[in-house]
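Undergrad:
Protein chains: 2
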Amino acid sequence: MNVLFVYAHPEPKSLNGSLKDFSIKHLEDAGHVVQVSDLYAMNWKPSLDAGDTLATKTDTRFDPAKDSQHAFENGLQSEDIAREQEKLLWADTLILQFPLWWFSMPAILKGWVERVYAYGFAYGVGEHSDARWGDRYGEGTLAGKRAMLIVTAGGWESHYGPRGINGPMDHILFPIHHGILYYPGFDVLPPFVIYRTGRMDEARFSQTCDALGQRLDTLGNASPIPFRQQNAGAYAIPELVLRPEIAPDQCGFTAHVA
Amino acid sequence: MNVLFVYAHPEPKSLNGSLKDFSIKHLEDAGHVVQVSDLYAMNWKPSLDAGDTLATKTDTRFDPAKDSQHAFENGLQSEDIAREQEKLLWADTLILQFPLWWFSMPAILKGWVERVYAYGFAYGVGEHSDARWGDRYGEGTLAGKRAMLIVTAGGWESHYGPRGINGPMDHILFPIHHGILYYPGFDVLPPFVIYRTGRMDEARFSQTCDALGQRLDTLGNASPIPFRQQNAGAYAIPELVLRPEIAPDQCGFTAHVA
Chain P
9 MNVLFVYAHP EPKSLNGSLK DFSIKHLEDA GHVVQVSDLY AMNWKPSLDA GDTLATKTDT
69 RFDPAKDSQH AFENGLQSED IAREQEKLLW ADTLILQFPL WWFSMPAILK GWVERVYAYG
129 FAYGVGEHSD ARWGDRYGEG TLAGKRAMLI VTAGGWESHY GPRGINGPMD HILFPIHHGI
189 LYYPGFDVLP PFVIYRTGRM DEARFSQTCD ALGQRLDTLG NASPIPFRQQ NAGAYAIPEL
249 VLRPEIAPDQ CGFTAHVA
Chain F
9 MNVLFVYAHP EPKSLNGSLK DFSIKHLEDA GHVVQVSDLY AMNWKPSLDA GDTLATKTDT
69 RFDPAKDSQH AFENGLQSED IAREQEKLLW ADTLILQFPL WWFSMPAILK GWVERVYAYG
129 FAYGVGEHSD ARWGDRYGEG TLAGKRAMLI VTAGGWESHY GPRGINGPMD HILFPIHHGI
189 LYYPGFDVLP PFVIYRTGRM DEARFSQTCD ALGQRLDTLG NASPIPFRQQ NAGAYAIPEL
249 VLRPEIAPDQ CGFTAHVA
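Residue numbers (our numbering), protein chains in the order written: chain P, 9 to 266; chain F, 9 to 266.
So this is what it looks like as structure tokens:
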């Protein structure tokens, strides 16, 4: 299959760099075709701004959503944005690999999402009516594709457990899994997380690669996180609140997982 | 008091720009001294990389934590980073204002956090022993100061409610409140959130400013979110898991609020 590998770490000779190199080789050895967006190496522009559209300005006021829509619909997007969208459309599977910095993705990767996820491409897609609130959360441009995170963290696994001080890792990643990947249609596989990266020796690196390789071998058939589709009946529209009979005792992120 | 106002929106003539202008004037009219870091206007560099240290490289391998520590301890930080740290030390209160993009802060603001929050300044502070896991989560360089978010969101308030499809707003903001603000010591005030920004007319804007003004008037005495201090007994060290007798039935983000 076609794999788009988006990677965000400034140092090639880092643990992240080694895991990226391992993953690409492992995928290619298995016969997949891999395109890599190495954001630091590409000197990716992180900040969404008026420079992202090539349109001649008739209005001096920049509107992130409207200007994004106009540029997307009229072939006036900055070329780096259009190229990443092409890669997303080409891919069967998207992998995002990054170190967890301040409990989210690095700024350069966040800026990739903000700029590539144009209005009309990743949001503002589909009919808005009494029955549908756009094609999102399980539907949309990228539906039918799969996505997975590879994340490194300096802290211990227990710090990210159900009662760990940082909060549970699956809650920390929910805004990415659900809000960035499931939103435009991806099926989201459970993440591959490496903890305590400061304590990585050769033996542990080898074990980590073995485990990562096994996950990469099952990209095509592993079960995705069972997020609830927005327009399939679980949510009242337009309030977009879970109907009372769905997970009646649950609140918060976990209520959106069937 | 001294207020540092960090603001991230690309368009001055936006709702965010208007709310920023209102807030600064309101604070100054009340006698406070305000410094503004308008990240887009400053053309803030978002990506953390080897260029953030002025040290002569003896090793070609860039280590985000170690190189940050070396630059911080030896006065070799990039000048823009050192200036923002000075503003943070000067401030009694920090306000971060931004539009919620893809369920987090804009990349340019995330990059402000990543670069300004140096090792030795915002993390890697204090003793690590059997009794303490560094000065963080309620202790640290910025202890005794207050912080508040002003956040705009296009979606409806119900979409961000306890069972709303996006997840509860206080959970979406937890990694910022707890992981970015409480971590280096800030007392974190409840956020001021404006929903459904596409439906803002003059009357609603006026009401919004009134409500925001009231929040700004109580910056000095409002009760912060009662996050649990790391080193005050609630957590087992070094596992950093809540002790069994603390909120025994709770898991997830809410367990860390007393």
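C-beta: ideal position from N, C-alpha, C; glycine also.
Note that this is a predicted model, so its numbers are computed, not measured.
Please give me, in chain order, every unbroken run of the beta strand (DSSP E) with length at least 3 that falls completely inside the region 90-173 of chain P.
TA: Complete beta strand (DSSP E) runs here, min 3: 101-107, 154-160.
Undergrad: When Cβ atoms are compared, which residues of the region 147-176 of chain P fall closer than 9 Å to chain F?
TA: Hits within the stretch, in order: Gly162, Gly163, Trp164, Ser166, His167, Gly169, Pro170, Arg171, Gly172, Ile173, Asn174, Gly175, Pro176.
Undergrad: Kindly list the residues whose CB is nearer than 6 Å to the CB of leucine 84 of chain F, restricted to its own chain and excluding five residues on each side of it in sequence; keep chain order.
TA: Correct list, in chain order: Thr61, Leu62, Ala63.
Undergrad: In this structure, does DSSP put phenylalanine 200 of chain P in helix, strand or coil?
TA: Residue state, collapsed to three classes: strand.
Undergrad: May I have the straight-line CA-CA distance separating glutamate 92 of chain F from alanine 49 of chain F, to the nearest angstrom?
TA: Their backbone Cα atoms lie some 15 Å apart in a straight line.
Undergrad: By the criterion of Cβ-Cβ separation under 8 Å, what are the contact partners of isoleucine 188 of chain P in chain F?
TA: Result: Trp110, Phe111.
Undergrad: Looking at leucine 108 of chain P and threonine 160 of chain P, is the spacing between their C-beta atoms short of 8 Å?
TA: Yes, the Cβ-Cβ distance between threonine 160 of chain P and leucine 108 of chain P is below 8 Å.
Undergrad: If you measure between the beta carbons of isoleucine 103 of chain P and methionine 156 of chain P, is that distance less than 8 Å?
TA: Cβ atoms of isoleucine 103 of chain P and methionine 156 of chain P: closer than 8 Å.
Undergrad: To the nearest angstrom, report how far apart isoleucine 116 of chain F and valine 11 of chain F are at their CA atoms.
TA: The alpha-carbon atoms of isoleucine 116 of chain F and valine 11 of chain F are separated by roughly 20 Å.
Undergrad: Since I believe glutamine 105 of chain P is in contact with lysine 21 of chain P (beta carbons under 8 Å), could you give me their beta-carbon distance rounded to a whole number of angstroms?
TA: Rounded, the Cβ-Cβ distance is 16 Å, inconsistent with contact.
Undergrad: Please state if the CB of phenylalanine 80 of chain P and the CB of aspartate 126 of chain P are separated by a distance shorter than 8 Å.
TA: Inspection of the sequence shows that residue 126 of chain P is occupied by alanine rather than by aspartate. The answer is yes: Cβ separation under 8 Å.
Undergrad: With a threshold of 16 other CB atoms inside 10 Å of the CB of proline 183 of chain P, please say whether the residue is buried or exposed.
TA: By the neighbour-count rule (16 or more Cβ atoms within 10 Å), proline 183 of chain P is buried.
Undergrad: Can you give me, in chain order, the residues of the region 234-251 of chain F that have a beta carbon less than 8 Å from any beta carbon in chain P?
TA: Hits within the stretch, in order: Gln238, Tyr243, Pro246, Glu247, Leu248, Val249, Leu250.
Undergrad: Measuring only between beta-carbons, confirm whether histidine 136 of chain F sits less than 8 Å from chain P.
TA: No, its Cβ sits nowhere closer than 8 Å to a Cβ of chain P.
Undergrad: Is asparagine 239 of chain P helix, strand or coil when you go by DSSP?
TA: Asparagine 239 of chain P falls in the helix class under three-state DSSP.
Undergrad: Phenylalanine 261 of chain F versus chain P: which residues are under 7 Å apart at the beta carbon?
TA: Chain P residues near phenylalanine 261 of chain F: Gly175, His179.
Undergrad: Kindly list, in the order they appear in chain F, the residues whose Cβ is closer than 8 Å to that of tyrosine 125 of chain P.
TA: Those within 8 Å of tyrosine 125 of chain P in chain F are Trp110.
Undergrad: Quick check: is the beta carbon of phenylalanine 182 of chain F nearer than 8 Å to any beta carbon in chain P?
TA: Yes, phenylalanine 182 of chain F counts as interfacial toward chain P.
Undergrad: Can you give me the C-alpha to C-alpha distance between serine 45 of chain P and asparagine 51 of chain P, rounded to a whole angstrom?
TA: One C-alpha to the other measures close to 10 Å.
Undergrad: Closer than 7 Å, Cβ to any Cβ of chain F: which residues of the region 44-60 of chain P, in chain order?
TA: Against chain F - using a Cβ distance shorter than 7 Å - the residues of the region 44-60 of chain P are Tyr48, Pro54, Ser55, Leu56, Asp57, Ala58.
Undergrad: Report all residues from its chain with a CB closer than 6 Å to the CB of arginine 251 of chain F; omit the five preceding and five following residues, and keep chain order.
TA: Answer for arginine 251 of chain F: Ala244, listed in chain order.
Undergrad: Quick check on DSSP: helix, strand or coil for tyrosine 15 of chain P?
TA: DSSP places tyrosine 15 of chain P in strand when its eight states are reduced to three.
Undergrad: Does the contact criterion of 3 or more C-beta pairs under 8 Å hold for the region 193-203 of chain F versus the region 254-264 of chain P?
TA: No: the two stretches stay apart, fewer than three of their Cβ pairs being nearer than 8 Å.
Undergrad: Along chain B, in chain order, which residues have C-beta atoms closer than 7 Å to that of glycine 119 of chain F?
TA: Of the chains in the structure shown, none is chain B; the protein chains are P and F.
Undergrad: Residues in the region 17-40 of chain P with C-beta within 7 Å of chain F's C-beta atoms, listed in sequence order?
TA: Listed by position along the chain: Pro18, Glu19, Lys21.
Undergrad: Taking all protein chains shown into account, do 16 or more other C-beta atoms lie within 10 angstroms of the C-beta of alanine 242 of chain P, making it buried, or fewer, making it exposed?
TA: Looking at its Cβ environment, which holds 16 or more other Cβ atoms inside 10 Å, alanine 242 of chain P is buried.
Undergrad: I'd like the span of the beta strand (DSSP E) that includes serine 231 of chain F, first residue to last.
TA: Careful: serine 231 of chain F lies outside any beta strand (DSSP E) and carries neither H nor E.
Undergrad: When burial is assigned at 16 or more other CB atoms within 10 Å of the CB, is valine 133 of chain F buried or exposed?
TA: With 16 or more other Cβ atoms within 10 Å, it is buried.
Undergrad: Does tyrosine 218 of chain F pass the burial test, meaning 16 or more other C-beta atoms within 10 Å, or should it be called exposed?
TA: Looking at the sequence provided, one finds aspartate at residue 218 of chain F rather than tyrosine. By the 10 Å Cβ count, aspartate 218 of chain F comes out exposed.
Undergrad: In chain order, what residues of the same chain have a beta carbon less than 6 Å from the beta carbon of aspartate 75 of chain F, not counting five sequence neighbours either side?
TA: Excluding residues within five positions, the ones whose Cβ falls inside 6 Å are Thr61.
Undergrad: Does chain P have any CB closer than 8 Å to the CB of tyrosine 203 of chain F?
TA: It does not; no Cβ of chain P falls within 8 Å.
Undergrad: Are any of the Cβ atoms in chain F nearer than 8 Å to that of tyrosine 15 of chain P?
TA: Closer than 8 Å: no.
Undergrad: Return no unless some Cβ of chain P is closer than 8 Å to the Cβ of phenylalanine 106 of chain F.
TA: Phenylalanine 106 of chain F does not count as touching chain P.
Undergrad: From P/Ser55, P/Ile254, P/Ser231, P/Ala240, pick the residue whose C-alpha is nearest to that of lysine 153 of chain P; which is it?
TA: Cα-wise, what sits closest to lysine 153 of chain P is P/Ser231.
Undergrad: I need the DSSP call for aspartate 88 of chain P, collapsed to helix, strand or coil.
TA: Three-state result, aspartate 88 of chain P: helix.
Undergrad: State the DSSP-derived secondary structure class of glutamine 43 of chain F, mapped to helix, strand or coil.
TA: Here glutamine 43 of chain F sits in strand by DSSP.
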